[in-house]
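Start counting the sequence shown at 5; every next residue gets the next number (this note's numbering).
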Amino acid sequence: MWLPLLGLLLGFAIGVLAGWEVPDEYSHYLSIAILAAFDTLIGGWRAYLQRTYDETVFITGFFFNIVLAATLTFLGVHLGVDLYLAAVFAFGVRLFQNIAIIRRLWLAEWAKRRYNREKS
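Spelled out as structure tokens, the structure:
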């Protein structure tokens with residue numbers, strides 16, 4: 005469990021210390037890709053907690069979300085319309101819904117443990 009967290013922190017530190025900047029023309033693509041990846045990760049975490057996690061669904065969802073979001077962003081850039089905002093809205097709503105479900109699952113588990121502790 006600690007190894008992925010260590011990798012995340014190490015990657016974040018390298019990214020901050022490297023001083024690398026994203027060109028303005030790619031900023032929309034990067035922001036959508038990060039949001040899509042984060043949505044998939046939180047959705048996978050929720051599925052794991054609900055014991056419905058499937059690796060195939062996780063991997064295909066990850067790539068499908070990124071490709072769909074990048075395609076919307078690409079079309080929006082070439083049409084002169086901010087279509088990436090649709091992806092931001094969709095991923096943002098899903099992200100907050102998944103976080104709310106995770107919170108409810110944690111609260112239910114906490115209440116169950118508390119009840120069992122008081123019962124015994």
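Ideal Cβ placement from N, Cα and C applies to all residues, glycine included.
As assigned by DSSP and simplified to three states, the class of residue i
i, result
"R121", "helix"
"Y30", "helix"
"W6", "helix"
"Q54", "coil"
"V85", "coil"
"W24", "coil"
Rounded separation between residue i and residue j - CA only
i, j, result
"I18", "G96", "27 Å"
"L72", "W114", "37 Å"
"R50", "I105", "7 Å"
"E122", "E59", "38 Å"
"L53", "R108", "11 Å"
"A37", "W6", "25 Å"
"L9", "G80", "35 Å"
"A91", "V26", "20 Å"
"L83", "Y30", "16 Å"
"D28", "I46", "27 Å"
"W24", "R117", "46 Å"
"L13", "S35", "19 Å"
"R55", "W110", "13 Å"
Burial state of residue i (16 or more Cβ within 10 Å)
i, result
"W88", "Here residue 88 is Tyr; the residue named in the question, Trp, does not match the sequence. Under this definition Y88 is a buried residue."
"I103", "exposed"
"N120", "exposed"
"A112", "exposed"
Cβ separation of residue i and residue j, assumed to be a contact under 8 Å, to the nearest whole Å
i, j, result
"L192", "F16", "A query on residue 192 cannot be resolved here, the shown segment of the chain reaching from 5 to 124 and no further."
"G48", "F67", "Not really, about 13 Å apart at Cβ, beyond 8 Å."
"T44", "G11", "Contact flag wrong, Cβ pair sits at about 17 Å."
"Y33", "T75", "In fact, because the Cβ distance is near 10 Å, the residues do not count as touching under 8 Å."
"I70", "A40", "5 Å"
Original post:
Unbroken beta strand (DSSP E) runs of length 3 or more, entirely within the stretch 62–112: which are they?
Top reply: Complete beta strand (DSSP E) runs here, min 3: none at all.
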